[in-house]
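Have a look at the structure below before the remarks.
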Amino acid sequence: MFINRLSVKRHVLLLIAIAVTSVCAPLLQAKESPAFDPGLAPFSVMVDKKPLRASTNMRTVMPGKTVSIQFTQQKLGEYSASLGGQNLKLSAAGHLAWTAPAKPGYYPIRLVRNKDKAQIALQMFVLRPANQIVNGKLNGYQIGSYPSALKGLETYQPPKGYIEVTPELENLFVSPHFKLGQFLCKQQGGYPKYLLLHTGLLEKLELLLRTVNAKGIRTDSFVVMSGYRTPYYNKAIGNVTNSRHIYGGAADIFIDVNPVNDYMDDINHDGAVNIKDAEYLYTVADKLVSHSKHPELMGGVGLYDKNSAHGPFVHVDVRGTPARWGHK
Ligand SMILES: [Ca+2]
Ligand SMILES: [Ca+2]
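Structure below.
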């Protein structure tokens, strides 16, 4: 009798446990972050013969220059394009030649597949020409002066123009997981501010982000500790003259999700935050691109330990040739 009573009690407890679990399970699941969304382009478009790989992309153009936008594998009427809500006319072959206006700024071009409204955002910036720099300042913003091109290399040519950044544009996504403001120079100065941002750097950061998420590190972005640096600022912090940062092609990054404290996370799960966490990220970045698969994303990877000013971090850039430093 006693055993039977105990058995009934156990059954009741079990039923309560099942009921509690089934009620709470959705709540527990809701607390977990949703799966990583890589934000890949839903259809194929070329801009100046280069593919838009993501659902959100950035391109720059000098005033008055024409950009060629080509929908590939398209049937008549399958796609449409607009700028700030106004339709842009496509040719029968799905081509659009967009001539940049004289006024520098942000021009939101949207490319749409009509049947399901799938969209690609083309964040177009008309640059403010570098020839408007007076005494090292562009529209009041301190730029400094660029060194003559290293060994005459194309990737080290002084820039022809700059992206103009207003406070509203700082939060604008320029790729699926990175905002324009993340790459601004850390120097003092009011708006408008100016920066350079290499589209290849955004592609490389997105590729790195997809790769770390595939390895089980769940993060929706990197902290960009240092992105663009004006030559003025670069000189002030005593960096090398030809730093990739002054060309908008480099980012010093770390992962800061758990906890969010403006410091690298324990991404290798050894209970400490130190150089080993940056080493983990370095190793992933080191193997990220090969010349056969991503020639345009080739570049440097550097490892940095913490000091009194910052935590451990990794430098990545798209200089066009491989370079490695900091890792023993
Ligand atoms: Ca952290
Ligand atoms: Ca660690």
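Residues 0 to 327, numbered by our numbering, are exactly what the sequence shown covers, in order. All C-beta atoms in this analysis are idealised placements derived from N, C-alpha and C, irrespective of residue type, glycine included.
One thing to note: Asn-56 has its Cβ within 7 Å of the Cβ of Leu-121. Pairing Gln-69 with Gly-84, the inter-Cα distance amounts to about 19 Å.
Judged by DSSP secondary structure, Gly-299 falls within the beta strand (DSSP E) whose first and last residues are 299-303.
Between the alpha carbons of Leu-296 and Thr-198 lies a gap of roughly 10 Å. Look at the segment 51-101 and you find no whole run of alpha helix (DSSP H) that is 4 residues long or longer. A distance of 7 Å or more separates the beta carbons of Leu-194 and Tyr-231. If you look at Ala-277, you'll find it in the alpha helix (DSSP H) that goes 274-285.
Your pair Arg-318 and Thr-154 checks out as a contact, with CB atoms roughly 6 Å apart and the cut at 8 Å.
Short of 6 Å from the beta carbon of Trp-324, and not among the five residues preceding or following it, lie these beta carbons of its own chain, in chain order: Gly-301. Check the Cα spacing between Val-164 and each of Val-125, Asn-238, Leu-152: the tightest is with Val-125. A distance criterion of 6 Å places the beta-carbon of Asn-260 in contact range of ligand 1, judged by its closest non-hydrogen atom. Nearest C-alpha to Val-211 among Asp-304, Ser-32, Tyr-281, Ile-108: Tyr-281.
Here Ala-80 is near Leu-95, since their CB atoms are less than 7 Å apart.
In the three-state scheme derived from DSSP, where H, G and I count as helix and E and B as strand, Val-315 is classed as strand. The beta-carbon distance between Ala-250 and Leu-208, rounded to whole angstroms, is 12 Å. This is too long to meet the 8 Å contact definition. Separation of Tyr-303 and Val-66 (C-alpha to C-alpha, rounded to the nearest whole angstrom) is 39 Å. Linking Arg-243 to Asn-130 through their CA atoms gives a straight-line distance of about 21 Å. For the set Val-46, Val-283, Ile-132, Pro-146, the Cα lying nearest the Cα of Val-239 is the one of Pro-146.
Every beta strand (DSSP E) of 3 residues or more that sits fully in the segment 211-237 is shown, in chain order, as 222-225.
The criterion of a C-beta distance shorter than 7 Å is not satisfied by Ile-252 and Val-288. Residue environment: Ser-32 is assigned as exposed (fewer than 16 neighbouring CB atoms within 10 Å of its CB, all protein chains considered). In this structure, Lys-64 has its CB at a distance of at least 6 Å from all heavy atoms of ligand 2. About 16 Å separates the Cβ atoms of Glu-278 and His-309, ruling out a contact at the 8 Å cut-off.
The C-alpha of Arg-127 lies about 46 Å from the C-alpha of His-268.
If one requires a minimum length of 3 residues, the beta strand (DSSP E) runs lying completely within the segment 107-150 are 117-125, in chain order. When distances are taken from the beta-carbon of Ala-277 to the heavy atoms of ligand 2, even the shortest one reaches 6 Å or more. Gly-247 and Lys-150 have their C-alpha atoms spaced approximately 19 Å apart. DSSP lists Pro-50, Gln-69 as the beta-bridge partner residues of Met-45.
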